[in-house]
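One structure is given here, and the rest of the page talks about it.
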Amino acid sequence: MADAAQTLDVDFSGDADSAMFDPSAFRLTEKEARLAEKARRLGRELFAPRASQWDRDAIFPSQNYKDMHSHNFLGICVPEADGGEGAEFRAYCLTAAEIGRYCGATALTWNMHVCSCLWSGTLADDLDMSDEQRVEHKRRRAIHYKRILNEGAVYSQPFSEGSSAAAGFTPFATQARKVDGGYRVSGKKIFASLAGHADYYGVLCTLIHEGQKPSRRDTLYLAIPAKADGVSVVGDWDPVGMRGTVSRTLLFDDVFVDDDAQLMPQGVYFQAASSWPHMFLTLSPTYMGIAQAAYDFTVQYLRGEAPGTPPVKRRMYPTKQLAVAEMHTKLECAKAIWFQAITEAGPSPSKEQILRAYTAQYTVMETSNDLCRLAIRTCGGQSMLCALPLERLYRDSRCGSLMLPWTAELCMDRIGREALYEAGETDD
Ligand SMILES: Cc1cc2nc3c(=O)[nH]c(=O)nc-3n(C[C@H](O)[C@H](O)[C@H](O)COP(=O)(O)OP(=O)(O)OC[C@H]3O[C@@H](n4cnc5c(N)ncnc54)[C@H](O)[C@@H]3O)c2cc1C
Numbered sequence: 003m004a005d006a007a008q009t010l011d012v013d014f015s016g017d018a019d020s021a022m023f024d025p026s027a028f029r030l031t032e033k034e035a036r037l038a039e040k041a042r043r044l045g046r047e048l049f050a051p052r053a054s055q056w057d058r059d060a061i062f063p064s065q066n067y068k069d070m071h072s073h074n075f076l077g078i079c080v081p082e083a084d085g086g087e088g089a090e091f092r093a094y095c096l097t098a099a100e101i102g103r104y105c106g107a108t109a110l111t112w113n114m115h116v117c118s119c120l121w122s123g124t125l126a127d128d129l130d131m132s133d134e135q136r137v138e139h140k141r142r143r144a145i146h147y148k149r150i151l152n153e154g155a156v157y158s159q160p161f162s163e164g165s166s167a168a169a170g171f172t173p174f175a176t177q178a179r180k181v182d183g184g185y186r187v188s189g190k191k192i193f194a195s196l197a198g199h200a201d202y203y204g205v206l207c208t209l210i211h212e213g214q215k216p217s218r219r220d221t222l223y224l225a226i227p228a229k230a231d232g233v234s235v236v237g238d239w240d241p242v243g244m245r246g247t248v249s250r251t252l253l254f255d256d257v258f259v260d261d262d263a264q265l266m267p268q269g270v271y272f273q274a275a276s277s278w279p280h281m282f283l284t285l286s287p288t289y290m291g292i293a294q295a296a297y298d299f300t301v302q303y304l305r306g307e308a309p310g311t312p313p314v315k316r317r318m319y320p321t322k323q324l325a326v327a328e329m330h331t332k333l334e335c336a337k338a339i340w341f342q343a344i345t346e347a348g349p350s351p352s353k354e355q356i357l358r359a360y361t362a363q364y365t366v367m368e369t370s371n372d373l374c375r376l377a378i379r380t381c382g383g384q385s386m387l388c389a390l391p392l393e394r395l396y397r398d399s400r401c402g403s404l405m406l407p408w409t410a411e412l413c414m415d416r417i418g419r420e421a422l423y424e425a426g427e428t429d430d
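So for the sequence shown, this note's numbering puts the first residue at 3; every next one is plus one.
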């Protein structure tokens, strides 16, 4: 595989797959249409042909990251004032869905990277900070953005610990203690995508005030350099799907980071999680893309046009037509609610908007796997051979509803509870 990044001339005409969200039908902005189009071209021409290799060998898609850097995609959510593309939430989601259509592991890991910019950028701009805090935050985030844009630095986002912290119920057990000039961090993160491949780990941890009970309000979001003393990657990664994410275990043993490692000022992550809840919807674009890919494959296959398969048509059977109709309906429903949810993402959403965000997450994650299941059943045995992408889509799609904090189960828990109770209401 070549080391140098490959370039791509963006040409808006003559493509085989059409855009997932047609710019004029969905009234996309010029920027959204341009970024999503570029992602579609990158995905189809460069990432799709490589996807089976990352999956088969469970290796990280490093070459894709070089290409994304050369197309300024590592800086997609870096504000324009800092030299990035300045994509807002919806623009990012639409772009990521197009990447997910061609390589799930690339889209999912890219999401971890992009969140370090989205959360510290657009999202943080909507949150309350003192003037002094804001000036300091802008200075600090510029350091991170510069590394990303100039050096191609890649950030990850390990928060899972195998406890209820990642679900948002308890403080993170990874702890930071304030020392002169920075913090000392100790703890363990499981399922840390990009482990061993990111340059910085965007770690969520609890700032400890001696003599006080750890609190979720004291969550810190720190960028820990992968090469810092005390950082290690352990265990293996051999899962059923999303194999290229390389989500191994990260250990932090009394790691020192300086004050500028803060990706958000103290206390602001807690505020973000409560007042900007759509921040947790960013895992869904990958799976929206996989759902589209399963549908596209089925149509191509039944028409006898799927690359790598004999030109045998199967579209004339009424059972196939019915199955495609069912898949189309499910896909359109998922796309419609997802588009609405990403459109209304923002600070202080209404109760209805929050319920819709959970519903969109649940629907996308479950529909993605359901469409892959239907695709295999409809296309038949030859379609699930490893030479074709469908079986990988099927395995990758299985992971969507497991992603904390908004797993399918937790979304249902929240929808049921929050639909029946107003904030603070009890049955006492
Ligand atoms: C491919 C892949 C990549 C990942 N990458 C990352 C990453 O980069 N960073 C990261 O931080 N994490 C990542 N994760 C981790 C993910 O978010 C989960 O933490 C991980 O799947 C392990 O969770 P678990 O199901 O074992 O969790 P458990 O906490 O054991 O939960 C099991 C299930 O119980 C339910 N549950 C959990 N807590 C509660 C509760 N309090 N009340 C009711 N039900 C509950 C949930 O539905 C959950 O699915 C990744 C996961 C996958 C599959």
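Every residue, glycine too, gets a C-beta built ideally from N, C-alpha and C.
All of these numbers come straight from a predicted model, not from anything done at the bench.
Comparing the CB of residue i with every heavy atom of ligand 1, is any distance shorter than 6 angstroms?
{"i": "cysteine 401", "result": "yes"}
{"i": "methionine 405", "result": "yes"}
{"i": "methionine 244", "result": "yes"}
{"i": "threonine 247", "result": "yes"}
{"i": "threonine 409", "result": "yes"}
{"i": "methionine 290", "result": "no"}
{"i": "proline 320", "result": "no"}
{"i": "alanine 60", "result": "no"}
{"i": "proline 160", "result": "yes"}
{"i": "alanine 274", "result": "no"}
{"i": "glutamine 299", "result": "For the record, residue 299 in the displayed sequence is phenylalanine; it is not glutamine. Flag unset: Cβ of phenylalanine 299 not near ligand 1."}
{"i": "leucine 253", "result": "no"}
{"i": "leucine 431", "result": "Outside the displayed range of the chain (3 to 430) lies residue 431, so it cannot be described from this structure."}
{"i": "phenylalanine 1", "result": "Residue 1 lies beyond the residue range present for the chain, which begins at 3 and ends at 430; the question has no answer from this structure."}
{"i": "phenylalanine 282", "result": "no"}
{"i": "alanine 109", "result": "no"}
{"i": "serine 20", "result": "no"}
{"i": "alanine 168", "result": "yes"}
{"i": "serine 195", "result": "yes"}
{"i": "methionine 367", "result": "no"}
{"i": "methionine 114", "result": "yes"}
If I'm right that residue i touches residue j with Cβ under 8 angstroms, what's the distance once you round it to whole angstroms?
{"i": "leucine 304", "j": "cysteine 381", "result": "7 angstroms"}
{"i": "alanine 178", "j": "valine 187", "result": "5 angstroms"}
{"i": "tryptophan 278", "j": "leucine 125", "result": "5 angstroms"}
{"i": "arginine 29", "j": "alanine 347", "result": "Incorrect: roughly 16 angstroms between the Cβ atoms, too far for contact."}
{"i": "phenylalanine 62", "j": "glycine 246", "result": "6 angstroms"}
{"i": "alanine 293", "j": "alanine 336", "result": "6 angstroms"}
{"i": "serine 165", "j": "lysine 191", "result": "Incorrect: roughly 11 angstroms between the Cβ atoms, too far for contact."}
{"i": "threonine 97", "j": "alanine 38", "result": "5 angstroms"}
{"i": "methionine 266", "j": "serine 122", "result": "6 angstroms"}
Between which two residues does the beta strand (DSSP E) harbouring residue i extend?
{"i": "serine 234", "result": "233-236"}
{"i": "serine 188", "result": "184-194"}
{"i": "glutamine 177", "result": "177-181"}
{"i": "valine 257", "result": "250-260"}
{"i": "tyrosine 203", "result": "202-209"}
Over what stretch of residues does the alpha helix (DSSP H) that includes residue i continue unbroken?
{"i": "lysine 68", "result": "64-72"}
{"i": "arginine 136", "result": "133-153"}
{"i": "proline 320", "result": "320-345"}
{"i": "threonine 111", "result": "106-120"}
{"i": "alanine 225", "result": "Careful: alanine 225 lies outside any alpha helix (DSSP H), inside the beta strand (DSSP E) at 221-227."}
{"i": "leucine 44", "result": "32-44"}
{"i": "aspartate 372", "result": "353-381"}
{"i": "cysteine 95", "result": "91-102"}
{"i": "tryptophan 56", "result": "53-59"}
{"i": "cysteine 413", "result": "410-422"}
{"i": "leucine 395", "result": "392-399"}
**Asked** At what residue ranges does the region 263-302 contain a whole run of the alpha helix (DSSP H), taking only runs of 4 or more?
**Response** Runs of the alpha helix (DSSP H) spanning 4 or more residues and lying entirely within the region 263-302 occur at 270-277, in chain order.
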